[in-house]
């Protein structure tokens, strides 16, 4: 039993020793599973080993070593090994290591395990250094699972683990990849790199001259800016491809040409002495030589200079860093301080600090500038904007159907909102930050001035013309002047309707408008050339209608607080119309405060369907529908019927004329008052006095002061013949009553008919339908005279039908030059028979006595 145990121990010891030897001989090599049971029987040991393996005269590989140990299965252990492998094209791959394990395989293939100071160089010049590497001849692959360093001409790097696929000319960098790029080999030696990129993994494709990087890309690039200064760029992405450009020198050194980035791209570029520019996008392609970024899938750029941010957004973009150009497409936006640009696409030239110098915006273009007082915006199919050297917006030019809007801020409650719309384009010139110098338009243009609705009588305005030029005040905030040229129209619309509130439209070949110093509120507008005005009432009123005014020139003045028309002047052949009311003059002036149209110059004339008036001055009170005429007043009623037969004239269908120094006509009340030597007449009939008053509704016509009239005729019987004679009346006052056909004369009445005369304190004349005398009643110191006869009385009544006069008095007296005199309480004188009859029947105050005195003829 003891010997058996000792035998077992000896066998175990031999196994341990053999295993120890095998482990020692392959120590440090990471063998594949098929190579874990290599022979341990040494058959040869050679110093300065060297062998060239060929096939049909073609070299396959060359191997040499300082020391080679060959085992029974023909695998070898080599020290200070050097290996060259030749591909069918004659390209050479080189491998070196302090120690190597060579395992031969069929078809002159082999696997080489290399460790300690392993170096490899591909036919393309890529050098790989590691401490452990496995080379497989069959698939021309070298694999390292430890830290790896590599370089090629002007770039180098490191990773943890790598696979070199020589046949594919590709190298897979498996983990923790870092790649550095240099401008020249000399800079590489000096450690002055151009770029450094880190990634989770990478693949170097030598044939395509590209490096694919994956996972957590971080890169840093150093370059020169356009000004010649250094520029540092940091890059992040989820995936990237670096494109290498074949070298152009004798050694054909590849250099980094482009870098393509995907997913969560973040780029920070910082020129020396300049603010950083930050770029975020879903995709980026960086062209090193052109310093050009092609960005896609949601682009966001941010830069800061002079304490102002510039923020850019678009679906896609091209940023040329050295050329200082920026191209944005797809919902492009640029926000720079208080300025904002937006369009389907934007093409911009940049300053050195990446601020916008000039921008061309196309497709739904929009620009906005914000200040403490207002917001200015411009919209058009295409818009160009330029900034001066102070990085301040200097001009903006819109092309196509354009819109400019100036909107007051919430703190600016007294300024109008301004909207300009032009068919062909708009140009805005600036004089400083947030300050406008002028705005010009091209094509049919509309400017809307919307007043703040903080006053009940405020009004909006609109100017339309073929072109409009707007100049701003020195403060650059408020409009100073607007020139609207070509078929111009000014429209004023109250914010709130009401009585005597009008929508006013003024048309002229051009308008030149001055503005108040603040608030973008129109002060006055001059219409050049013949113009016309239309004023439409906001509330319908009886006997009121739309007003029309025209003249050779028009001038409108506005109320600063209400923004509505305060005064409207029409100069040269001025004409006015409202319903059937019309007026002409050389000049007309309308004031909103009293709603009065003043006619001056030429021969001012106003008329309607019933009458016409002329004077040196005429004021038309359109609010109260009154007219005031002054100086050489002349009115014509087209017929007595047109004045509702209220005049004391004979013919109803013939015109009536009234002249005076002044007149006041109330069209609603249908009254008229004439003063200053007024005179009214129809054909041969007339009335005059110090004052004439007509009331058509009441049917009265009154004359006061020094009244003289010839209004009716009286039948006269002489020498057996009947004739009509006019009757002249003078009095202090006269009143004609249409319904009673009555003329009432009062105070110092003097009536004359041919040689006959009647005077009294008052005389009432009753007329028939032919305006001829029907009856006359006189009272108060009545004196009737005719050739050879005189009568006095307190009361007299004359009846035309029987040509008889009845006199009553205390007593009434008739004196005849031939027959003597008679007196009685009442006397009847028949003019036709030339007889006088005295009646004793007394009036209540009479004594009933009759007295006659007869004159005896000699």
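In our numbering, the protein residues as written are 413 to 1270.
C-beta: ideal position from N, C-alpha, C; glycine also.
Within this structure, are the beta carbons of residue i and residue j separated by less than 8 Å?
i, j, result
"residue 805", "residue 751", "yes"
"residue 605", "residue 592", "yes"
"residue 1018", "residue 1032", "yes"
"residue 649", "residue 629", "yes"
"residue 465", "residue 520", "yes"
"residue 789", "residue 779", "yes"
"residue 947", "residue 914", "yes"
"residue 851", "residue 882", "yes"
"residue 970", "residue 936", "yes"
"residue 1172", "residue 1192", "yes"
"residue 840", "residue 848", "yes"
"residue 904", "residue 873", "yes"
"residue 554", "residue 547", "yes"
"residue 395", "residue 1094", "Because the chain is modelled from 413 through 1270, residue 395 falls outside the range shown and cannot be assessed."
"residue 730", "residue 706", "yes"
"residue 902", "residue 918", "yes"
"residue 645", "residue 681", "yes"
"residue 1179", "residue 1185", "yes"
"residue 997", "residue 1012", "yes"
"residue 627", "residue 607", "no"
How far does the alpha helix (DSSP H) with residue i in it extend, from its first residue to its last?
i, result
"residue 601", "597–602"
Closest to residue i by CA distance: which of the options is it?
i, options, result
"residue 507", "991, 484, 535, 520", "535"
"residue 567", "1029, 557, 602", "602"
"residue 484", "515, 499, 1017, 1169", "515"
"residue 775", "1146, 748, 812", "812"
"residue 954", "1036, 1095, 651", "1036"
"residue 1235", "1229, 1249, 1244, 1066", "1249"
"residue 400", "1042, 1090, 1083, 1146", "With the chain represented from 413 up to 1270, any question about residue 400 goes unanswered, as that position is not in the structure."
"residue 510", "523, 781, 476, 503", "476"
"residue 635", "701, 691, 586", "701"
"residue 1064", "1182, 1039, 446", "1182"
"residue 1159", "1002, 1143, 1148", "1143"
"residue 657", "565, 1005, 786", "565"
"residue 527", "1014, 442, 932, 696", "442"
"residue 868", "1044, 1224, 911", "911"
"residue 767", "794, 715, 817, 741", "715"
"residue 973", "834, 870, 618, 533", "870"
"residue 923", "893, 1237, 451, 916", "893"
"residue 721", "695, 748, 727", "748"
"residue 862", "689, 1122, 932", "932"
Buried or exposed for residue i, please, with buried defined as at least 16 other CB atoms from any protein chain shown within 10 angstroms of its CB.
i, result
"residue 463", "exposed"
"residue 456", "exposed"
"residue 487", "buried"
"residue 886", "exposed"
"residue 436", "No answer about residue 436 holds up, because its pLDDT of 39 lies below 50 and its placement is not dependable."
"residue 433", "With a pLDDT of only 36 at residue 433, under the threshold of 50, the placement of this residue in the model should not be trusted, and no figure is reported."
"residue 1242", "exposed"
"residue 468", "exposed"
"residue 1006", "exposed"
"residue 1090", "buried"
State the start and end residues of the unbroken beta strand (DSSP E) segment that holds residue i.
i, result
"residue 577", "567–577"
"residue 954", "Segment: none, residue 954 is in no beta strand (DSSP E) and carries neither H nor E."
"residue 587", "Note, residue 587: premise wrong, no beta strand (DSSP E); not H, not E."
"residue 842", "837–844"
"residue 543", "539–548"
"residue 722", "720–726"
"residue 938", "934–940"
"residue 965", "965–970"
"residue 742", "737–748"
"residue 802", "Careful: residue 802 lies outside any beta strand (DSSP E) and carries neither H nor E."
"residue 1109", "No beta strand (DSSP E) contains residue 1109, which DSSP labels as neither H nor E."
"residue 526", "522–533"
"residue 712", "711–717"
key: Secondary structure, beta strand (DSSP E): runs of 3+ residues fully inside the stretch 474–514   = Positions of the beta strand (DSSP E) runs, each at least 3 residues long and wholly inside the stretch 474–514, are given as 488–498 in order along the chain.
**Item:** Start-end ranges of the beta strand (DSSP E) lying completely within the stretch 762–793, minimum 3 residues
**Value:** Taken in chain order, the whole beta strand (DSSP E) runs of length 3 or more contained in the stretch 762–793 are 768–782.
Counting only runs of 3+ residues fully inside the stretch 979–1047, write out the beta strand (DSSP E) ranges in chain order. DSSP runs (the beta strand (DSSP E)) wholly in the stretch 979–1047: 993–1003, 1008–1012, 1017–1019, 1023–1026, 1029–1033.
Please go through the stretch 632–705 and give each complete beta strand (DSSP E) segment of 3 or more residues, from N-terminal end onward.
Counting only runs that start and end inside the stretch 632–705, the beta strand (DSSP E) elements of at least 3 residues fall at 642–657, 667–683, 689–699.
- Task: For the stretch 1056–1097, list the beta strand (DSSP E) runs that are entirely contained and at least 3 residues long, ordered along the chain.
- Result: Counting only runs of 3 or more, we get 1068–1078, 1083–1087, 1091–1094.
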